[in-house]
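Peer 1:
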Amino acid sequence: MSLPTSYMNSVKRIPDILEAIQTAQAPQTFHTRFLEQLGFKSKGDRLVIGVLKDLGFLDEKGTPTERYYRFLDQSHSGAVLAEGIREAWSDLFAINVNAHQMQKAEFVGKLKTLSQGQLSDRVIDCHYMTFGALVKNADFTSHSVRQRPKVETERSEPKEVDKTKMDSSSSGHGGGSKLEFGGLVYNIQIVLPESRDPVVYDALFKSLKEHLS
């Protein structure tokens, strides 16, 4: 089951916590002391650390991840948060790609099914409140920005080919041919039959030349 294990008992401070994270320098480790330095000192506020881990903002040791750092950029922080929500609630989004638009009754029903009835009504209600508060601060209409490696492609100039070139070898048990059409090169690998009779190979390559020329 791919569902988050953490939730908030009260969600009224979630927007403030998310905003404080964006305006503060990322810590080496996100622990309760850092949260208190941001101004969130209640026991209920501490539950957000588990939520951030479920969202992929922190690893198991509380170290900020690449997603955490991308969230600091307010120009696309909403999309990054949506990315984390989709990942944390992947089973829910597998059922409904627009799970962030679910009404409470539908959400509760789906969660009961996914959890196989293992979650109490109170816990499910807390999950719904946490999910809803996060969704309100997320942007599901745009794609999050990821740093992707640059892919360099080489373009070769088309070569003039007067005729099909085919190199073949009758030694061993395999052969190959190279065809060039308008600058495109096709390599064809041929598995030859086991035979010591040269007539077999002569007939095979003659047939290939007739069909490929």
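Remember, the numbering used here sits 37 above the position in the sequence shown when you count from 1. Glycine included, C-beta positions come from ideal geometry on N, C-alpha and C.
(1) Can you tell me the Cα-Cα spacing of I132 and G169, whole angstroms?
(2) Are at least three pairs of beta-carbons, each pair with one atom in the segment 60-71 and one in the segment 99-106, less than 8 Å apart?
(3) Taking contact to mean at least 3 C-beta pairs separated by less than 8 Å, is the segment 87-101 in contact with the segment 115-129?
(4) Any beta carbon from chain D within less than 7 Å of I122's own beta carbon?
(5) Have a look at G99 and T42 and give me their C-alpha separation to the nearest angstrom.
(6) Using the Cβ count rule (16 or more neighbours within 10 Å means buried), how would you classify V48?
(7) Which value, in whole angstroms, describes the spacing of the CA atoms of A57 and K173?
(8) Would you kindly report the start and end of the unbroken alpha helix (DSSP H) that includes M166?
(9) Starting from P64, trace the alpha helix (DSSP H) in both directions and tell me its first and last residue.
(10) With a Cβ-Cβ cutoff of 7 Å, do I54 and F71 count as a contact?
(11) Can you tell me the Cβ-Cβ gap for M139 and L84, rounded? I've got them flagged as a contact below 8 Å.
(12) Apply the 10 Å Cβ neighbour rule to E143 and answer buried if 16 or more other Cβ atoms are within range, or exposed otherwise.
(13) Check L118 in the structure and name its three-state DSSP category.
(14) Below 8 Å on the Cβ atoms is my guess for L95 versus L171; work out the distance and round it to an integer in Å.
(15) Helix, strand or coil for P52 per DSSP?
Peer 2: Let me lay it out:
(1) So the two alpha carbons sit approximately 17 Å from each other.
(2) In short, these stretches touch, since the Cβ pair count reaches three.
(3) Yes: the two stretches touch, three or more of their Cβ pairs being nearer than 8 Å.
(4) Protein chain content of the structure displayed is limited to a single chain, and chain D is not contained in it.
(5) Rounded to the nearest whole angstrom, the C-alpha separation of G99 and T42 is 16 Å.
(6) It is buried - the Cβ of V48 has at least 16 other Cβ atoms within 10 Å.
(7) Cα to Cα, A57 sits roughly 16 Å from K173.
(8) Boundaries of the alpha helix (DSSP H) around M166: D158 to K173.
(9) Premise fails: P64 is in no alpha helix (DSSP H) and is neither H nor E.
(10) Taking 7 Å as the cut-off, the Cβ atoms of I54 and F71 do not count as close.
(11) Contact doesn't hold; Cβ gap of about 23 Å is too wide.
(12) In the assembly as shown, E143 is an exposed residue. Its beta-carbon has fewer than 16 other beta-carbons within 10 Å.
(13) For L118, the secondary structure class from DSSP, reduced to helix, strand or coil, is helix.
(14) About 15 Å; that fails the 8 Å criterion.
(15) Helix.
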